[in-house]
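Worksheet: the structure to be examined is printed underneath.
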Amino acid sequence: MNYQTPRGTNDILPKDMSKWHRIEDVIRQFTYLYDYKEIRTPIFEDTAVFKRGNDSSDMVNKEMYTFSINGKDSLTLRPEMTAGVARSFVQHKMFAEADLPVKTYYVGPQFRYERPQKGRQRIFHQFGVEVIGAKNALLDVETIALGYSIVSALGMSQLKVLLNTLGDDESRANYKQALKKHFESDLENLCGDCKRRYEQNPLRLLDCKVDSKRESMLQAPKMSEYLNEESSAYFTQVCEGLDGLGIPYEIDDRLVRGLDYYTHTVFEVISTNDQMGSQSTVFAGGRYDGLVEYFNGPSMSGIGFAMGIERLILALEGEGVDLGEESTLDAYVMCLSQTASLKSLQIITALRASGFSCERDYLQRSFKAQFKTVDRKKAKCVVIIGEKDLETNTLTIKRIADQKQVVCSFDDVVIEMDTLMSEDDHQHECCGEDCTCGK
Ligand code: ATP
Ligand code: MG
2 MNYQTPRGTN DILPKDMSKW HRIEDVIRQF TYLYDYKEIR TPIFEDTAVF
52 KRGNDSSDMV NKEMYTFSIN GKDSLTLRPE MTAGVARSFV QHKMFAEADL
102 PVKTYYVGPQ FRYERPQKGR QRIFHQFGVE VIGAKNALLD VETIALGYSI
152 VSALGMSQLK VLLNTLGDDE SRANYKQALK KHFESDLENL CGDCKRRYEQ
202 NPLRLLDCKV DSKRESMLQA PKMSEYLNEE SSAYFTQVCE GLDGLGIPYE
252 IDDRLVRGLD YYTHTVFEVI STNDQMGSQS TVFAGGRYDG LVEYFNGPSM
302 SGIGFAMGIE RLILALEGEG VDLGEESTLD AYVMCLSQTA SLKSLQIITA
352 LRASGFSCER DYLQRSFKAQ FKTVDRKKAK CVVIIGEKDL ETNTLTIKRI
402 ADQKQVVCSF DDVVIEMDTL MSEDDHQHEC CGEDCTCGK
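Remember, the working numbering sits 1 above the position in the sequence shown when you count from 1.
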């Protein structure tokens, strides 16, 4: 057997991890600034959490990994997080918290049985937010602003915010009726999925990737013509809010989004980088009603988005953004003899306890081979303990950048490292080309 990752899944290797860490750092920094708290829900849930009644989305109908262990319980690997977060919100009575809305964020793997291609895997990772318990157009704006700030802070600039509204229940019901009437005569020519969507949720017809160029699609009535006054006013407030924050957007009246419980604001942020192909949506979301009630909670509205981290990385790489390298070592402790080996472990432990990142040799390699490792790991200093040093209780620390060298007692290693490293930082900070510090 040739052991490989299953189709549509990837190993995320140590050499690529610095990108993930950088993205997660920016996510945590911004969610902190916006006062969101992290939530972690199970990787699988009861199938009923995702498969709610007559849901028309491909994700629920075709892409779920559903299994049963004892023939009784049907469980599903989560394909998205909104449902699990809403379930948790009700289960833990977060709706009764004194300070609403509850603002949560998550980062984690999702599972969908899809046809794998660039930017589309069967296991992928999402960062997302769910804000439940307040319906306010400016909260929709804040949510979009958070996602926009994160991708901008990471250096993404080739992007477009697409915005639409699905209106309230009344507007949407009228619009669905208009869509049904419009597509009635062309129904037999539409794809099989569209025939199902026509019955289940005609809004989703607009989302079809197969039939999107058909005349009946191009001529379809527009949501904006069916918005009642309240829905129109809500959407105007969202647009004004985005204008007020200087976030550019385009109104796309064909944007309907995946899940059936969306109301009012829906949005998608796409990468316009030409390497992204048809998998260009980096994050997407909207406002939803009815989901908290579905899980037997009170009637409460929510808003959220989900961002595909693999897609975000593709978009950033497409733009040539450098997400930085894995951090380098502060010190590599050279171990030149068996007898010095325990001492070097003690030294390295003392250095680590004081916050210096360190590594050493465990293969009894030659001096030359260990120096090559120092190079490869880009260590800032080397600590050398030779056979004779054991007799004198001394060691040598060498700063690689300028080869400055100090000999000190074992006990002083932390103090001397501190001095060498802070001199090094000082040089970085002020010894630019125009520096006048005199060093
Ligand atoms: P698409 O139309 O591309 O299938 P979607 O509507 O199914 O997207 P959402 O459910 O809104 O996507 O998920 C939010 C984000 O998660 C997407 O914008 C994308 O960045 C990412 N995403 C969704 N499915 C996948 C996948 N199979 N592989 C990688 N990323 C994905
Ligand atoms: Mg999809």
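Every residue gets a Cβ at the ideal spot worked out from N, C-alpha and C, and that includes glycine. Remember, it's a predicted structure, so these values are computed and weren't measured experimentally.
Report the three-state DSSP secondary structure of residue i (helix, strand or coil).
i, result
"Leu160", "strand"
"Cys195", "helix"
"Ala341", "helix"
"Gly321", "coil"
"Gly433", "Unreliable placement is indicated for Gly433, whose pLDDT of 49 sits below 50; the coordinate value is still reported in the next sentence. Residue state, collapsed to three classes: coil."
"Thr420", "helix"
"Lys38", "strand"
"Tyr66", "coil"
"Glu46", "strand"
"Cys240", "helix"
"Tyr289", "strand"
"Lys399", "strand"
"Lys223", "coil"
"Ile13", "coil"
"Met301", "coil"
"Leu167", "coil"
"Met18", "helix"
"Pro110", "strand"
"Val414", "helix"
"Gly439", "The predicted model places Gly439 with a pLDDT of 43, which falls under 50 and marks its position as unreliable; any figure quoted below should be read in that light. Coil at Gly439, not helix or strand."
"Ala99", "coil"
"Lys389", "helix"
"Phe268", "strand"
Does the Cβ-Cβ distance between residue i and residue j come in under 8 Å?
i, j, result
"Arg53", "Tyr295", "yes"
"Thr166", "His265", "yes"
"Ile24", "Ile416", "no"
"Leu164", "Asp253", "yes"
"Ile398", "Met418", "yes"
"Tyr37", "Lys104", "yes"
"Thr340", "Leu391", "yes"
"Phe90", "Val293", "yes"
Please report how far the alpha carbon of residue i lies from the alpha carbon of residue j, in whole angstroms.
i, j, result
"Ser445", "Cys336", "With the chain represented from 2 up to 440, any question about residue 445 goes unanswered, as that position is not in the structure."
"Val414", "Glu39", "40 Å"
"Ala174", "Lys182", "12 Å"
"Glu430", "Leu396", "Residue placement at Glu430 is flagged as unreliable, the pLDDT there being 47, under the threshold of 50; a coordinate-derived value is accordingly withheld."
"Ile70", "Asp59", "25 Å"
"Cys432", "Ser423", "Residue confidence is low: Cys432 scores 48 on pLDDT, short of 50, so the model does not pin down where it sits. Its coordinate-derived value is still stated next. One C-alpha to the other measures close to 13 Å."
"Ser272", "Lys161", "7 Å"
"Met2", "Asp12", "19 Å"
"Glu388", "Ser338", "7 Å"
"Lys196", "Arg41", "37 Å"
"Tyr1", "Gln276", "Residue 1 is absent from the structure shown; the chain starts at 2 and stops at 440."
"Cys382", "Leu346", "16 Å"
"Thr77", "Thr48", "5 Å"
"Ala87", "Leu330", "43 Å"
"Pro43", "Thr83", "12 Å"
"Ser410", "Lys379", "25 Å"
"Gln404", "Tyr114", "55 Å"
"Ser281", "Val267", "17 Å"
"Gly247", "Val375", "48 Å"
"Ala234", "Val257", "19 Å"
"Gly124", "Gln371", "Reading the sequence as shown, one finds Ile at residue 124 and not Gly. Whole-angstrom Cα-Cα distance: 39 Å."
"Leu14", "Ile349", "26 Å"
"Gly442", "Ala285", "An answer regarding residue 442 cannot be provided, because it is not within the stretch 2 to 440 covered by the chain."
"Val270", "Gly72", "41 Å"
"Gly168", "Gly193", "27 Å"
"Pro80", "Asp187", "32 Å"
"Cys209", "Arg121", "17 Å"
"Gln214", "Gln30", "Note that residue 214 corresponds to Lys in the displayed sequence, not to Gln. C-alpha separation (whole angstroms): 42 Å."
"Lys63", "Leu206", "16 Å"
"Leu140", "His126", "25 Å"
"Ala321", "Ile314", "Strictly speaking, residue 321 in this sequence is Gly, with Ala absent from that position. Taking the straight line from one Cα to the other gives about 10 Å."
"Val61", "Lys94", "26 Å"
"Glu131", "Asp56", "20 Å"
"Lys440", "Glu318", "Per-residue confidence for Lys440 stands at a pLDDT of 43, beneath the threshold of 50, marking its modelled position as unreliable; the derived number appears in the next sentence. Those two C-alpha atoms are separated by around 38 Å."
"Ala362", "Lys373", "Checking the sequence, you will find Asp at residue 362 rather than Ala. Taking the straight line from one Cα to the other gives about 12 Å."
"Pro299", "Ala316", "39 Å"
Could you tell me whether any non-hydrogen atom of ligand 4 is closer than 7 Å to the CB of residue i?
i, result
"Asp59", "Ligands displayed in this structure: ligand 1 and ligand 2; ligand 4 is not among them."
Counting only C-beta atoms, is residue i closer than 8 Å to chain D at any point?
i, result
"Gly72", "No chain D appears in this structure, which consists of one protein chain only."
| query | Counting only runs that start and end within the segment 347-378, where is the alpha helix (DSSP H) found for 4 or more residues in a row? | reply | 368-377
| Is the segment 216-233 in contact with the segment 164-180, if contact means three or more CB pairs nearer than 8 Å? | yes
| Within the chosen definition, does the segment 150-159 reach the segment 228-243 through at least 3 CB pairs nearer than 8 Å? | no
| request: Flag this pair as touching only if the segment 316-329 and the segment 293-307 have three or more C-beta atom pairs under 8 Å; answer yes or no. | output: no
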